[in-house]
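According to our numbering, the first sequence is numbered sequentially starting from 400.
Ideal Cβ placement from N, Cα and C applies to all residues, glycine included.
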Amino acid sequence: MCGRIVARVLKKAWTKGGRIVIPPMFRPSYNIAPTQGIVVFRAGEREWDASIMRWGLVPSWWKDAAELPGQTFNARAETVAEKPTFRAAFKRRRCLIPCDGFYEWKATGAKAKQPYFIHPADPEGIFHFAGLWELWETADGAMESCTIITTEPNTLMAGIHNRMPVILAPEAHEEWLDPGVQGGERLARLLLPCDAVEMAAYKVGPVKGDGENLIKRII
DNA sequence: CCAGACGTTGTT
DNA sequence: GTCTGG
DNA sequence: CCAGACGTTGTT
DNA sequence: GTCTGG
Numbered sequence: 400m401c402g403r404i405v406a407r408v409l410k411k412a413w414t415k416g417g418r419i420v421i422p423p424m425f426r427p428s429y430n431i432a433p434t435q436g437i438v439v440f441r442a443g444e445r446e447w448d449a450s451i452m453r454w455g456l457v458p459s460w461w462k463d464a465a466e467l468p469g470q471t472f473n474a475r476a477e478t479v480a481e482k483p484t485f486r487a488a489f490k491r492r493r494c495l496i497p498c499d500g501f502y503e504w505k506a507t508g509a510k511a512k513q514p515y516f517i518h519p520a521d522p523e524g525i526f527h528f529a530g531l532w533e534l535w536e537t538a539d540g541a542m543e544s545c546t547i548i549t550t551e552p553n554t555l556m557a558g559i560h561n562r563m564p565v566i567l568a569p570e571a572h573e574e575w576l577d578p579g580v581q582g583g584e585r586l587a588r589l590l591l592p593c594d595a596v597e598m599a600a601y602k603v604g605p606v607k608g609d610g611e612n613l614i615k616r617i618i
């Protein structure tokens, strides 16, 4: 479905002066920000279902369409089962968010930050973040949104930041996605920092100041 | 039993 | 969706 | 050898 | 990147 739309867009672009111009929404992103759409895998009828959802979970009961919750792009593993915003999704709507790496900014001074790019140690590897998704319905329509669960840092991440996304090993994927799996303890066992040997990091930059122009530099 | 509240975390 | 307070 | 093409499908 | 047609 999505693929067909992309193909149509490409056809239009190709016939337009012979130059390939990919619309912004289909360009690969090197730096996704909260509120943008990200790819989400969830349990489908037979196989995983891949969707694009808003990064920043909106609870099903959210009323104020003019102002969506602003800080729900991450959920803390330690509290996700209890927080009103996340607990319903934690029970039945868990997902995986694929990612080939992410940036983390290490505070190196009062206002100085040093960004790092963290990626799978295996060059062929893909991270699968543990996430939650939610359906939010209004009179005007519906939206699916998601969040990424964070936990304590492993030894690699500890040198960079005080939190890290929960990265699930392939063996844990099915259990995490299975809505039949209930019980906080069994799920909590999965929400731990992954082994540092699965990750590698390198400095991006160096960049001083608030990192405003970092994005341009990365791209 | 029902009405009403319930926000969350640390990216960019 | 789920919990709390009245 | 080089220029130019190269996309997919039949639903919501 | 790779295949096809001229």
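Just to confirm, is the Cβ distance from residue i to residue j under 9 Å?
i, j, result
"V457", "P497", "no"
"L589", "E574", "yes"
"T434", "W454", "yes"
"F516", "F501", "yes"
"I559", "E503", "yes"
"T549", "N473", "yes"
"A487", "S459", "yes"
"R493", "L531", "yes"
"H527", "A599", "no"
"K602", "P514", "yes"
"A541", "W535", "yes"
"T537", "A464", "yes"
"A506", "K512", "yes"
"A509", "L586", "no"
Does DSSP classify residue i as helix, strand or coil?
i, result
"L576", "helix"
"V438", "strand"
"E597", "helix"
"F489", "helix"
"L467", "coil"
"E570", "helix"
"G540", "strand"
"A587", "helix"
"I547", "strand"
"V603", "coil"
"A557", "helix"
"P497", "strand"
"G608", "Annotation note: pLDDT 46 at G608 (below 50); position unreliable, no value reported."
So residue i is in the beta strand (DSSP E); what residue range does that whole segment cover?
i, result
"R453", "W447 to W454"
"R562", "Careful: R562 lies outside any beta strand (DSSP E) and carries neither H nor E."
"E503", "F501 to A506"
"A474", "N473 to R475"
Under 8 Å by Cβ, that's how I've got residue i and residue j pegged, so tell me the actual separation to the nearest angstrom.
i, j, result
"L567", "A595", "15 Å between Cβ atoms; not a contact."
"L576", "R441", "6 Å"
"E543", "S450", "6 Å"
Does the ligand SAH have a heavy atom nearer than 8 Å to the CB of residue i?
i, result
"C494", "Looking at this structure, you won't find the ligand SAH or any other ligand, since it has none at all."
Completely contained beta strand (DSSP E) runs for the stretch 512 to 537, where each covers 3 or more residues: 512 to 519 and 526 to 537
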